[in-house]
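S.K.: Numbering (my numbering), first residue to last: -5 to 405.
Sharing a structure here in structure tokens format.
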Ligand code: HEM
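Below, the structure is given as structure tokens:
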């Protein structure tokens, strides 16, 4: 296949659920024939796609690749003049800033996510996991996403943040269609304005609640930082709460969902994990590599012109670093399309790298290990109730996961 047809195929394929189900043959082709390719990105603007592992790793560590959308040639949908303020507030956070602004925001919360702090919530994660699985067992035929993979991280991050139980479903009902719309047309995005406003009111309610009644939780800590004056503005407070709640569940749901699907595709590996739960550490790293809960990082914008593999990307170009492709690069991972739960070394980039390396990685790993081990040890015979090809995939921007995963726990 020549490069031109590849480039023209991408825009329609990228947001297509069928393409999302198995983008790997296409990425393989790009790595081989067009490792840097110009295309329409999922953010509605034009940009370059980088697919080889070594290039993705170098770019993630290179400060020339800015995370700040103000460094791009043309505004994205989120920065467009016609976009209501609510969207710009929600999209201006640590992940869309460079140092030192990025580091200032990250420093305010990073202590809450260190491996030591996260270890302390192990018992709570185990309890939520087994409560959900007890309920699921009574039903036997479940949607693994709605009944397990989603409520687990949503409950845990809501606990940490201090979102009262009766408010959690309000948040989820508003945020999920909002994310799916981000990958779609500007019209679809505008249709989300009521939802975005609902989200803003939700955050404002949470802030007011914790101002009136401080607790030992993250929203209280952030509200106190805002009250200290110079440490956090009101808009930053809103976008920080949004980012943490969002990143805290929208990604881990896919680690558990895609991970379970991968185990069902490789029954020998499922059996291995059932017989040897002690391999869970390498198993979760491999499920991260193979399942790719995040397809690509946040877009980057070039501070200088860069030439890579003969392609010159002008200053201010938008670039997507394809983590899902890097993690299947056959020059780095032997038998890259095979799930090998004992793979070592496993230098995957599922959590990114460099300044924006995932803040929640210790939490995601803890949840992934407990959830997958509990599921496999309790239900080693679980099965899909529809053919693999009919499993519906989400088209949400950046994240990669199934919409639902109908399974029977004890056939
Ligand atoms: C399996 C689950 C997860 C995956 C695969 C994942 C992946 C990632 C990736 C790839 C990035 C870097 C994006 C970039 O460089 O453009 C990132 C950043 C981030 N993640 Fe995660 N994440 C996961 C879970 C979590 C959890 C549970 C939280 C908890 C709040 C979280 C919070 C964040 C935050 C705040 C950032 C921005 C860090 C920064 O800009 O310095 N993530 N994540």
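Backbone N, C-alpha and C define an ideal beta-carbon position, used for all residues, glycine too.
1) I'd like to confirm something about residue 88: is its beta-carbon nearer than 7 angstroms to some heavy atom of the ligand HEM, or not?
2) Could you tell me whether any non-hydrogen atom of the ligand HEM is closer than 7 angstroms to the CB of residue 342?
3) Measuring from the CB of residue 246, is there a heavy atom of the ligand HEM at a distance below 7 angstroms?
4) Just to check, is the beta-carbon of residue 50 closer than 7 angstroms to a non-hydrogen atom of the ligand HEM?
5) Closest to residue 193 by C-alpha separation, out of 27, 220, 161, 207, would be which residue?
6) Between which two residues does the alpha helix (DSSP H) containing residue 401 stretch?
7) Which of the three DSSP states is assigned to residue 25 in this structure?
8) Where do the ends of the alpha helix (DSSP H) carrying residue 227 lie?
9) Are residue 393 and residue 386 touching if we call contact CB-CB under 8 angstroms?
10) Between which residues of its own chain and residue 368 is the CB-CB distance below 7 angstroms, once the five residues before and five after are set aside?
11) Alpha helix (DSSP H) containing residue 301: first to last residue?
12) Between the segment 358 to 375 and the segment 274 to 282, are three or more C-beta pairs nearer than 8 angstroms?
13) Alpha carbon to alpha carbon, how far is residue 115 from residue 159? Give it in angstroms, no decimals.
14) Opposite residue 307 in the DSSP bridges: which residues?
15) Output yes or no for whether 8 angstroms exceeds the beta carbon distance between residue 50 and residue 305.
16) Cβ-heavy atom distance between residue 353 and the ligand SAM below 7 angstroms?
17) Can you tell me where the alpha helix (DSSP H) holding residue 262 begins and where it ends?
18) Considering only their Cβ atoms, is the gap separating residue 313 from residue 439 smaller than 8 angstroms?
19) Taking DSSP as the reference, what is the three-state secondary structure of residue 139?
20) Does the separation of the CB atoms of residue 250 and residue 146 fall below 8 angstroms?
21) Per DSSP, what kind of secondary structure is residue 392 in: helix, strand or coil?
22) Please look up how many angstroms separate the CB atoms of residue 56 and residue 90, rounded, as I've assumed it's under 8 angstroms.
23) Ignore the nearest five residues each way along the sequence and tell me which others in residue 476's own chain have a CB closer than 8 angstroms to its CB.
24) For residue 285 and residue 310, which I take to be in contact (beta-carbon distance under 8 angstroms), what is that distance rounded to the nearest angstrom?
25) Expressed to the nearest angstrom, what Euclidean distance is found between the alpha-carbon atoms of residue 260 and residue 85?
26) Taking 7 angstroms as the cut-off, is the C-beta of residue 241 nearer than that to any heavy atom in the ligand HEM?
27) Quick test of your reading: residue 105 and residue 98, contact by CB under 8 angstroms. State the CB separation rounded to the nearest angstrom.
28) Please state whether DSSP places residue 345 in a helix, a strand or coil.
29) Between which two residues does the beta strand (DSSP E) carrying residue 42 extend?
30) If we ignore side chains and look at the alpha-carbon of each, how far apart do residue 5 and residue 292 end up?
31) Is residue -2 buried or exposed, if buried means 16 or more other CB atoms sit within 10 Å of its CB?
32) For the alpha helix (DSSP H) holding residue 315, just list the boundary residues, first then last.
33) Looking at residue 280 and residue 334, is the spacing between their C-beta atoms short of 8 angstroms?
34) What is the C-beta distance between residue 255 and residue 353, in whole angstroms, given that I count them as a contact (C-beta under 8 angstroms)?
35) Can the beta-carbon of residue 150 be found less than 8 angstroms from the beta-carbon of residue 119?
36) Shortest alpha-carbon distance to residue 59 belongs to which of 384, 11, 349?
M.R.: Based on what the coordinates show:
1) Numbered from 1 along the chain shown, position 94 holds the residue referred to as residue 88. Yes - the ligand HEM has a heavy atom lying nearer than 7 angstroms to the Cβ of residue 88.
2) On the chain shown, residue 342 is found 348 positions in, with the first residue counted as 1. No - the ligand HEM has no heavy atom lying nearer than 7 angstroms to the Cβ of residue 342.
3) Taking the first residue of the chain shown as position 1, residue 246 is located at position 252. Yes, since a heavy atom of the ligand HEM falls inside the 7 angstroms radius drawn around the Cβ of residue 246.
4) Translated into positions along the chain shown, residue 50 becomes position 56. It does not: the Cβ of residue 50 is nowhere closer than 7 angstroms to a heavy atom of the ligand HEM.
5) On the chain shown, residue 193 is found 199 positions in, with the first residue counted as 1. Comparing Cα positions, the closest option is 161.
6) On the chain shown, position 407 is the one that residue 401 refers to. Premise fails: residue 401 lies in the beta strand (DSSP E), 400 to 402, not in any alpha helix (DSSP H).
7) Locating residue 25 in the chain shown gives position 31, where the first residue counts as 1. Helix at residue 25.
8) The count along the chain shown starts at 1 and reaches residue 227 at position 233. Per DSSP, residue 227 belongs to no alpha helix (DSSP H) and is neither H nor E.
9) Sequence index remark: in the chain shown, residue 393 carries index 399 (1-based). Sequence index remark: in the chain shown, residue 386 carries index 392 (1-based). Against a cut-off of 8 angstroms, the Cβ pair of residue 386 and residue 393 comes out as no contact.
10) Numbered from 1 along the chain shown, position 374 holds the residue referred to as residue 368. 123, 124, 127.
11) Residue 301 sits at position 307 when you count from the first residue of the chain shown. Per DSSP, residue 301 belongs to no alpha helix (DSSP H); it is in the beta strand (DSSP E), 300 to 302.
12) yes
13) Position 165 of the chain shown holds residue 159. Position 121 of the chain shown holds residue 115. Residue 159 and residue 115: Cα-Cα distance of roughly 18 angstroms.
14) Residue mapping note: residue 307 aligns to position 313 of the chain shown, counting from 1. DSSP output for residue 307 lists 300 as bridge partner(s).
15) Taking the first residue of the chain shown as 1, we reach residue 50 at position 56. Taking the first residue of the chain shown as 1, we reach residue 305 at position 311. No, the Cβ-Cβ distance between residue 50 and residue 305 is not below 8 angstroms.
16) What this structure holds is the ligand HEM, not the ligand SAM.
17) Counted from its first residue, the chain shown places residue 262 at position 268. Residues 261 to 269.
18) Absent from the structure is residue 439, since the part of the chain shown begins at -5 and ends at 405.
19) In the chain shown, counting from the first residue as 1, residue 139 sits at position 145. Helix, per DSSP.
20) Here residue 250 is taken as the residue at index 256 of the chain shown, counted from 1. Here residue 146 is taken as the residue at index 152 of the chain shown, counted from 1. Yes, they are a contact pair.
21) Here residue 392 refers to the residue found at position 398 of the chain shown. Three-state DSSP puts residue 392 in coil, outside helix and strand.
22) Position 62 of the chain shown holds residue 56. Position 96 of the chain shown holds residue 90. So it is not a contact: roughly 17 angstroms between Cβ atoms.
23) The chain is shown only over -5 to 405; residue 476 falls outside these bounds and no answer can be derived.
24) As a working note, residue 285 is residue 291 in the chain shown. As a working note, residue 310 is residue 316 in the chain shown. No, residue 285 and residue 310 are not in contact; Cβ-Cβ is about 33 angstroms, not under 8 angstroms.
25) Mapped onto the chain shown, residue 260 falls at position 266. Mapped onto the chain shown, residue 85 falls at position 91. If I take the Cα positions, the gap works out to 38 angstroms.
26) As a position in the chain shown, residue 241 is number 247, starting the count at 1. The answer is yes for residue 241.
27) Working through the chain shown from its first residue, we reach residue 105 at position 111. Working through the chain shown from its first residue, we reach residue 98 at position 104. Residue 105 to residue 98, Cβ: 14 angstroms. No contact.
28) Within the chain shown, the letter at position 351 stands for residue 345. It is coil, neither helix nor strand.
29) Mapped onto the chain shown, residue 42 falls at position 48. Per DSSP, residue 42 belongs to the beta strand (DSSP E) from 40 to 44.
30) Position 11 of the chain shown, counted from the start, is the residue given in the question as residue 5. Position 298 of the chain shown, counted from the start, is the residue given in the question as residue 292. Confidence in residue 5 is poor, its pLDDT being 49 and thus under 50, which makes the residue's placement unreliable; the coordinate value appears in the next sentence. Taking the straight line from one Cα to the other gives about 18 angstroms.
31) Here residue -2 refers to the residue found at position 4 of the chain shown. Its pLDDT being 47, under 50, residue -2 is placed unreliably in this model, and the value from its coordinates should be taken loosely. Exposed, since its Cβ has fewer than 16 Cβ neighbours within 10 Å.
32) Here residue 315 refers to the residue found at position 321 when the chain shown is read from its first residue. Counting along the chain, residue 315 falls outside any alpha helix (DSSP H), though it belongs to the beta strand (DSSP E) covering 312 to 315.
33) To locate residue 334, count along the chain shown from 1; it is residue 340. To locate residue 280, count along the chain shown from 1; it is residue 286. Yes, Cβ-Cβ distance for residue 334 and residue 280 is below 8 angstroms.
34) For the purposes of this step, residue 255 is taken as the residue at position 261 of the chain shown. For the purposes of this step, residue 353 is taken as the residue at position 359 of the chain shown. Actually they do not touch by this definition, with Cβ atoms about 26 angstroms apart.
35) Here residue 150 refers to the residue found at position 156 of the chain shown. Here residue 119 refers to the residue found at position 125 of the chain shown. Going by C-beta atoms, residue 150 is nearer than 8 angstroms to residue 119.
36) Start at 1 with the first residue of the chain shown, and residue 59 comes out as number 65. Residue 349 is the option with its Cα nearest to residue 59.
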